[in-house]
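Asker:
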Amino acid sequence: LKEHSITALPIYDVQSGEKIRGAFRLVVDESWSPSKLSIWSLDVWKDGWFEVQDVGSQIIAAATEAKAGEIVVDYCAGNGGKTLALASFMHEDGAGRGQEEKIGGLIIAHDIVDERLRQLKGSFNRVGLDLDYSSEVPSKVKVVTTLDPKITLGQSMADVVLVDGPCSSTGVLRRRPSQRFKLDKSEIVEKFPLLQSSILQQGSELVNVGGRLIY
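Quick note on the numbering used here: the sequence shown kicks off at 282 and runs consecutively.
1. Could you tell me if Glu351 is buried or exposed, where buried requires 16 or more neighbouring beta carbons within 10 angstroms of its beta carbon?
2. Roughly how many whole angstroms lie between the Cα atoms of Glu486 and Gly446?
3. Does Leu476 have its Cβ less than 8 Å from a Cβ in chain E?
4. Does the separation of the CB atoms of Lys423 and Gly385 fall below 8 Å?
5. So Asn406 is in the beta strand (DSSP E); what residue range does that whole segment cover?
6. Please state the DSSP three-state secondary structure of Arg455.
7. How would you write the range of the beta strand (DSSP E) that Asp355 sits in, first residue to last?
8. For the 8 Å Cβ check, are there 3 or more pairs between the segment 335–352 and the segment 361–372?
9. By the 10 Å Cβ neighbour count, where 16 or more other Cβ atoms means buried, how is Gln400 classified, buried or exposed?
10. If you reduce the DSSP assignment to three classes, tell me which class Pro276 lands in.
11. Once the 5 residues before and after Lys504 are set aside, which same chain residues still bring their CB inside 8 Å of it?
12. Check this for me: beta carbons of Ser437 and Val490, under 8 Å apart or not?
13. On a Cα-Cα basis, can you pick out the residue from Asp395, Tyr356 and Phe305 that is closest to Gln477?
14. Can you tell me whether DSSP reads Leu290 as helix, strand or coil?
15. Exposed or buried, which one is Gln296 when buried takes at least 16 other CB atoms within 10 Å?
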C-alpha cells in the first residue's frame with residue numbers, strides 16, 4: 282500500500298479505546314488520485330490481502346467471537362463482506378493453536394437471493410478460501426453457500442449464527458445521501474420489524490445448545 286501512497290491506520294473502539302482486530306482505515310496522501318488508481322486495481326486487493334468494508338460491519342463480525350473448529354452460519358450473507366471477516370477471524374484463531382487442538386472450521390453463507398451467493402464464489406476464490414466441502418485438509422476454514430446441494434440448514438446445527446437482517450439502510454446515508462428520499466415510514470415502522478423478527482426466529486432454530494446468536 283505504501284508504494285501507492287496509501288497508509289493503513291488502526292481503528293479504535295469508541296467506548297473501550299481498544300484496537301478493533303483486523304480493521305484499518307486507509308489514508309491517502311495528496312499525490313494519490315482515484316482517477317489514476319482504484320483501490321480495487323491494486324495487486325494486494327486482487328491477491329486477497331484485504332477487503333473494503335465499513336467499520337460497523339467489521340464490528341458485527343468480531344462480535345460473533347467465531348473460533349476455529351466451529352460451524353458458523355452467515356444467515357443474511359448479502360455480498361459476503363462479513364463472511365470473509367468471519368473466515369479471517371477463524372483462520373487467525375486456528376493459526377495460534379497447537380496441532381492437537383481443533384483447527385479449521387466451516388462457514389455456511391445463506392441468502393434468499395441466489396445471485397448474491399453465486400457472486401460470493403469469486404470473492405472466496407480471490408482470498409484463497411477453501412470451497413471444497415469434501416476437502417480433508419483440517420487446517421483450512423471451509424466456506425460454502427446454501428447453493429451447494431450437499432449443504433442443508435438444520436435445527437441446532439451451528440455454534441454461531443449471524444443474522445444481519447434487511448433494514449431501512451439509514452446506516453449508509455453518509456455514503457448515499459439520496460437514500461433518504463427512498464425511505465418509507467410504513468416500511469421502517471411496520472415491514473422491517475416484522476420481517477426481521479421472522480428471520481431472527483428462523484436463524485435461532487439453527488443454533489446449537491450453548492451456541493451464539495448474533496443479531
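Beta carbons: idealized from backbone N, C-alpha and C, even for Gly.
In this text the structure is predicted, and so the values were computed from the model without any measurement.
Answerer: According to the structure data:
1. The residue given as residue 351 occupies position 70 in the sequence shown. Result: buried.
2. The residue given as residue 486 occupies position 205 in the sequence shown. The residue given as residue 446 occupies position 165 in the sequence shown. Using only the alpha carbons, I get a separation of about 16 Å.
3. The question asks about chain E, but that chain is absent: this structure has only one protein chain.
4. Mapped onto the sequence shown, residue 423 falls at position 142. Mapped onto the sequence shown, residue 385 falls at position 104. In contact: Lys423 and Gly385 (Cβ atoms closer than 8 Å).
5. Working through the sequence shown from its first residue, we reach residue 406 at position 125. From DSSP, Asn406 is part of no beta strand (DSSP E) but of the alpha helix (DSSP H) over Asp395 to Val408.
6. For the purposes of this step, residue 455 is taken as the residue at position 174 of the sequence shown. Coil at Arg455, not helix or strand.
7. For the purposes of this step, residue 355 is identified with residue 74 of the sequence shown, where counting begins at 1. Looking at the DSSP string, the run of the beta strand (DSSP E) that includes Asp355 is Ile352 to Asp355.
8. yes
9. As a working mapping, residue 400 is identified with position 119 in the sequence shown. Classification of Gln400: exposed, given that the 10 Å Cβ count is below 16.
10. Residue 276 is absent from the structure shown; the chain starts at 282 and stops at 496.
11. Because the chain is modelled from 282 through 496, residue 504 falls outside the range shown and cannot be assessed.
12. Indexing the sequence shown from 1 puts residue 437 at position 156. Indexing the sequence shown from 1 puts residue 490 at position 209. For Ser437 and Val490, yes; Cβs fall inside 8 Å.
13. Here residue 477 refers to the residue found at position 196 of the sequence shown. Out of Asp395, Tyr356 and Phe305, Tyr356 has the C-alpha closest to the C-alpha of Gln477.
14. In the sequence shown, the residue the question calls residue 290 occupies position 9. Correct three-state label for Leu290: strand.
15. For the purposes of this step, residue 296 is identified with residue 15 of the sequence shown, where counting begins at 1. Exposed, by the Cβ-count rule.
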